[in-house]
Every structure is written in C-alpha cells, then in structure tokens.
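Here is the structure we will look at, set down as structure tokens.
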Amino acid sequence: MGYGTGRHRHTVGSNLCAALPPKSLTCLIGVNGAGKSTLLRTLSGLLPPLAGSMEIMGKRIESLSVRQMSTLLSIVLTARPDTGHLTAEETVAAGRMPYTPLSGRLSEADQRLVDEAMRLTGTAHLRSRALASLSDGERQRVMIAKSLAQDTPLILLDEPTAFLDFPGKIGTLRLLQSLAHDQGKTVLLSTHDLEPAFRLADRLWLLTPGGLLSGTPRALAADGTLARYFAADGIKFDSEQLRFVY
C-alpha cells in the first residue's frame, strides 16, 4: 500500500496478509506513521493498492462498482464531515443513498433502518440537531449510525475514539463490539486506546515495519509479540493482565 503512480511511488506498507472473521471486532494498532489510515483507505477502495489483491466476501475489490462497494462496505473517517446544515437524522439517512432512487426519497423500509440505526447508537434524541452543533462524541455516534443505516456487512473506522473522554471511548468500543456480536457486523477500527482494545477486541491487527501481524489479544500476548513490540519503545507490557506497567 502507498501513494503515487508510475515510477513516483511511495510505499507505506508491504507484506500485509490477513483476514477479518465475520461477526467480529478487530482493532488495528501501530505507532503513529505506521500506515493505519492508509491501510483503511486502501481496504475501502479510496486508495488503490500498489500490489497484491483484496477480496470482500470472495469478490475482488477491483471488480466491484462504486455502488456495489457501497452495499458491502462503509467507512467512518476521523475528518470532521462537511455536512452543511444537515441534521443528524438527515446525515444518517444519507447512508441509504446506495439503495434509493435518483429522487433520494426514502421508502418506509429505509426510514425504519434509519430509526433503528439511531436507536442502536443512542442518537435518536439528536435527530433534529444540526450535525455541526454536536459534540465530538455525539457526532461520532451519528456517523456510526450512518454506517449502520447503510446496512453493510463490513464497517471500517479510523480512530473512532479519538478526542473522546474515557467514558466515551469505552462506550464507543462497547457499541462497536455489540454491533459485531449482536448485529452480525464485521468491524475493523484503528485505535491508540490500547488497553480497552486489548480487552474488548476479538482480534488485533498489529501493523509493524515488517508487515501485519494478526491474532487474538491473548494469543499475541502469550507468544510475546505484544511485549516485544512495546519493549522497543521502552514500555513494559503485562501479558497476563493485558495492561501496561508504569
């Protein structure tokens, strides 16, 4: 993965081989600059891969149209969305665009999905609020609701807990865990909130200069992978308790 075309290419990461199990929460971790955002953008089709191949549910990404991709995968980025004067409900309803006619009119079934997405994410009380007026945590939940309304089997999120207070971080991770386990979604998110990720994730993707390491938090702790990774920065990691020792 990386940037550029032709001879002017900058490789950000290589030797990346992993799979996301269905109905699971996977946390992507790595130091700043490791390429987590680049990987998520590549997986979503926003950036083309420099080499290799990617598949979603057995279908190669390059063979899919934009509309087909939008019914299989949704992505929530860290950038504050430019939604103008849209309300929270209108923002969530935009997740139904791949399924609506050119008029953009929602059917009764579409509206039910929007209402259910807002209920599950605890944003129903915000439906008439302008998105620009919401706090970071409220806006993040609305964007997650939009992904839910899009009704894709795969949800990618880039730092969904960034800028949230501690209760907000835990609440967001628990929400995403619930979407995976109870709603059958496959969720991949990047995060720097490591200890909550270790405790709540089904799997970890550890992005290193040598490639992508994948496994359950317990397995990566038991074989010393996590301890070796953090020891490089002088940080002691308790593999038994899945926590840092300061």
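Numbering (my numbering), first residue to last: 9 to 254. Backbone N, C-alpha and C define an ideal beta-carbon position, used for all residues, glycine too. Since the structure is predicted, the reported quantities are computational estimates derived from the model, not experimental observations.
Note on residue 244: under 16 other CB atoms within 10 angstroms of its CB, so exposed under the neighbour-count rule. Residue 245 is bridged by DSSP to 252.
With a cutoff of 8 Å on beta-carbon distance, residue 135 and residue 180 are scored as not near each other. Rounded to the nearest angstrom, the gap between the Cα atoms of residue 168 and residue 109 is 31 Å. Separation of residue 46 and residue 88 (C-alpha to C-alpha, rounded to the nearest whole angstrom) is 18 Å. For the 8 Å CB-CB criterion, residue 247 and residue 234 form a contact.
Between the beta-carbon of residue 177 and that of residue 201 there is about 5 Å, and that keeps the pair under the 8 Å contact cut. Taken atom to atom, the span from the alpha-carbon of residue 119 to that of residue 158 is near 12 Å. Here the alpha carbons of residue 216 and residue 226 stand approximately 18 Å from one another. In this structure, the straight-line span from the alpha carbon of residue 165 to that of residue 238 is close to 24 Å. Considering only 114, 59 and 125, the residue with the shortest C-alpha distance to residue 23 is 59.
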